[in-house]
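Have a look at the structure below before the remarks.
Residue numbers (the numbering used here), protein chains in the order written: chain A, 1 to 526; chain B, 1 to 305; chain C, 1 to 287.
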């Protein structure tokens, strides 16, 4: 009957079930293997894998005035070294006069992470620069983001590195210690550049162990975004925004009670927002240390301190807000827009959220394009970032300009020239007015177009005003950590857990343990 | 229905040793055995339509979004309320997709050609030639199939960097100029070539290369076609490698360009969708044109094991 | 004749693998320099670390969802479309169409579908009432559903490929087998299990190996859809994403990255071997 050459090996009767059994067997084997493999988990983090000889980590003996929690300073045999200020002579020089003696045009590449409107503005400024002189020609290369720029830079060999690069504020220690960059402070010194008009906080932010490594360029900080119609509907004055965290609670209560919105405050647990960056801001504002060694400024940090009582208090407050229905969390906000979108969510909306001032232009444009029914850009209110103290004050976010070493004197000088252009009062005025970034120098406020922008729309000024305060102590500056971004990932995870109802002290302690492992691993290897 | 079943004609003698199994000459158009009855047919159509709906749904919403202006993209994702081609034009310009398509095409073409050439040569060597240690060498070659891209990534990046090939077509293409998959596939097929063919050629004094060129290759053309298609698709779809190798915006391939677009246009989902449409269309067209070859080749490779 | 392939494969596959094996037992600084050997015990430490185990579990779960689903759907669709009906060619073309979508294209399509407040499948009233377990803020943001959402995207994208392969395999099954069995009185389902499935053996094996290898190498979908998974449990961080992803704790540790990559290679080796040995033996190649 059946053509013999085509007969299945096993008889038709049994091959059906016989076919299925080995499949099941294999599946079972894989599942078992997986379970067994999982069972042999050591319970230790990958970061705790010993990386060789313990190099003596330099710790400054805790100073009674700066470190209130003297108990957790390591008192083992590590000698207290006095490397609090490193002289510039230890670092590559900045030959700023090499440009004058260069023949022909020096071509330099600049890796940046600006997108959308921000990129357009940078392109405009760069074109102006290129057209205004013929000694230097700058080529922009968009890396799509800070992290991509960091990754590419780290993976590149000296030949394929750019001449200039834009790095975010949280990468200060990594690159200061990389031996591949020329500190901008060297250029300032060798060219006699005058930084008196610059904002203190902007300069201090990029100073590590006494050396200024980068020139602040695009400065942003967190501000409070709120929808004025909702404040109106709740019977609140739309020109007044909450300043302290208690104020936030009261405002939210009124909003929720009046039905103006479902929630008061919209939070998130993103690494560079509610789960990381904002936490650093709040600690600084409260004058509480985030990490040891003066937040890592006077010497490399060896451990984090955010699991302190102050931290627990702060996070518990936020957790209570959520539990009481006054606030809501939108998760890790990977797109960066979920918090803003929540404000106009037709199903369950919020009335206010904290976001970067750099997003202001984009948010206004999006609302103007009709994204939300019945809302115009004028309905968006901006206030200083609320925090655990009655005086508004923030540390900067954003990024800065770094000069790469080893590309030749002319290129370094050319890069410095381009940098000085970007931070002239004129350039900063235009840059800030187009993007919403804070100008890094106060005299930019006296020039057009910024004068008009701030006059026409004082919302753009809020970010600037909350940053002009003097720098009190190191602790009021943001922390500097080696693996800062990874530590932020740890705090972001803890924040997400806390917003979901986990025990605050435990979550913070876990994050601190992870962060300490990250820092220890970093210090051992670098 | 037993009374209606037709005796199939005897299997024709095939001169093409890799006659693809989907050759429809074996399907008699009037096999009612295959035709479902009235109700069964309706049911089958219904099921087919349902599945079609599910499969096509994401594509549909994407196209709808790509044709919508920005102000409407958040409402009614299923209904194309306004149709405009502006968004697609925008995506093409802003997203530099024209250039990216060109880049992808160049790289895919180079890699495909190279893979075919190197695979044919190596496969022939393994199938026809004799040399000591052939088995072991072959096993080593096949072993490379199991090495995932992730394991070789970092070192390859280093190598490419030190050769100065970042941001170049070479950097994108060179690590993939040979593939054990192609060698495996073609060796299988070469092995089925009758010995007499080779012997006859030897008697005529034709060397290996001549034999390869004039006899072997024409006979295995379908498999080569399949390999070419596989290589092209595979290279076109690469995601991780181009992301790592390319810094300059202009040198991106379509995939890394899409990633760029999605990150830089977060507030304009319709723009991203338009970019997706542009990226997918060339391959859809190619698929449509080369349908038969693709199926043939996949069969030859898979079923013969 | 062998030279071109040998050179390319040697330089770009074998050498990097060897180098990675060596690098995997070293620790380097952030820039990949100053590497210090730690001994091969580091591999064991890495394998047993919590992050790797999590990634392993996620990858296994992902594979266990996508591979069977992909195979079953592929076979189901192929069988469905394997009848002589008018216009069947159109249906077949539609079912194979997803083979034209790349990882980036498919993932972005699904991202658009699932994004909260934008997507057609997210926060849609009728959908939520069908599946009440879906809570806001959305498929991709909810730790319980994130992996399923990513799996759906992956299965959809691979559907065309599987469909084409299985259809080709089906068409190589001689009709006379089915006819003869029908004559003997075997019904459709009986014929499916007794004839179709065994004869599809080689095809199914091929599909399974390719699908499971692909599942273990999932990177693009994760990168575009969830970025590793909603915090804090990160339920979509597969092994490749653990190594090279944005939020990876070993991002700046070239030694551990290489080690994890080599571990991935070993696992793929074992996986393929198991499948070949377990199922391959039962598969007969006809004639």
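Built from N, CA and C at the ideal position, the CB exists for glycine as well. Everything numeric in this text was worked out from a predicted model, so none of it was measured.
Beta strand (DSSP E) runs contained entirely in the region 163-192 of chain B, provided each spans 3 or more residues: none
is_contact[residue 227/C, chain A] using C-beta, thresh 8 Å: Chain A, which has a Cβ nearer than 8 Å to the Cβ of residue 227/C, makes this yes.
Nearest candidate by alpha-carbon position, reference residue 176/A, set 451/A, 403/A and 261/A: Relative to residue 176/A, the option among 451/A, 403/A and 261/A whose CA is nearest is 403/A.
Residue from 272/C, 153/C and 224/C whose Cα sits closest to the Cα of residue 146/B: 272/C
Selected residue, minimal CA-CA separation from residue 209/A, among 241/A, 90/A, 393/A and 396/A: Nearest option by C-alpha distance: 90/A.
Residue 107/C and residue 220/C closer than 8 Å at C-beta: Cβ atoms of residue 107/C and residue 220/C: closer than 8 Å.
Within-8 Å CB hit, residue 190/C to chain B: no
Proximal residues, the region 142-161 of chain A versus chain B, C-beta separation under 8 Å: Cβ contacts with chain B: 142, 143, 144, 145, 152, 155, 156, 157, 159 and 160.
Backbone secondary structure at residue 267/A - three-state DSSP: strand
Check whether residue 504/A and residue 319/A have beta carbons under 8 Å apart: yes
Neighbourhood of residue 467/A by C-beta distance below 7 Å, restricted to the same chain and skipping five residues each side: Result list for residue 467/A: 199, 201, 221, 394, 396 and 438, in chain order.
Against chain A: residues of the region 151-180 of chain B by CB proximity under 9 Å: 154, 157, 158, 161, 162, 164, 166 and 167
Alpha-carbon spacing of residue 276/A relative to residue 286/A, whole angstroms: Annotation: residue 276/A to residue 286/A spans about 16 Å, alpha carbon to alpha carbon.
DSSP-derived helix/strand/coil call for residue 37/C: strand
Distance, residue 445/A Cα to residue 32/C Cα: 44 Å
Contact set between the region 223-254 of chain C and chain A, restricted to residues whose Cβ is under 8 Å from the partner: 226, 227, 230, 231, 232, 234, 246, 247, 249, 250, 251, 252 and 253
Segment contact, 8 Å Cβ cut-off, at least three pairs: the region 448-456 of chain A with the region 365-385 of chain A: no
Residues bridged to residue 226/A (per DSSP): Residue 226/A pairs with 352/A and 381/A.
Residue 35/C versus 48/C, 47/C, 50/C and 19/C, residue with shortest Cα-Cα distance: Nearest of 48/C, 47/C, 50/C and 19/C to residue 35/C, Cα basis: 19/C.
In DSSP terms, what residue 136/A is bridged to: 106/A
Bounding residues of the beta strand (DSSP E) (the contiguous stretch that carries residue 295/A): From DSSP, residue 295/A is part of no beta strand (DSSP E) but of the alpha helix (DSSP H) over 292-296.
Per DSSP, the bridge partner or partners of residue 402/A: 165/A
Simplified DSSP assignment, three categories, for residue 216/A: Residue 216/A: strand per DSSP, three-state reduction.
Exposure label - residue 343/A; buried when at least 16 CB within 10 Å: buried
Sub-8 Å separation of residue 290/A and residue 304/A beta-carbons: yes
Spatial distance of residue 244/C from residue 74/C (CA atoms): C-alpha of residue 244/C to C-alpha of residue 74/C: approximately 31 Å in a straight line.
Limits of the unbroken alpha helix (DSSP H) element including residue 120/B: 97-128
Cβ of residue 208/C within 8 Å of any chain B Cβ: no
Nearest-angstrom Cβ-Cβ length linking residue 177/B and residue 114/B, presumed shorter than 8 Å: 4 Å
Partners in chain A for residue 263/B, counting only beta-carbon separations shorter than 8 Å: Neighbours of residue 263/B on chain A, chain order: 115, 144 and 145.
Within-8 Å CB hit, residue 290/B to chain C: Judged by the 8 Å Cβ criterion, residue 290/B is not in contact with chain C.
Endpoints, the beta strand (DSSP E) within which residue 231/B is located: No beta strand (DSSP E) contains residue 231/B, which is instead part of the alpha helix (DSSP H) from 221-236.
Residues of the region 328-342 of chain A with Cβ closer than 7 Å to any Cβ of chain C, in chain order: 330, 331, 332, 334 and 341
Rounded separation between residue 253/C and residue 238/C - CA only: 18 Å
Three or more C-beta pairs below 8 Å linking the region 324-339 of chain A and the region 260-272 of chain A: Touching, yes.
is_contact[residue 284/B, chain C] using C-beta, thresh 8 Å: yes
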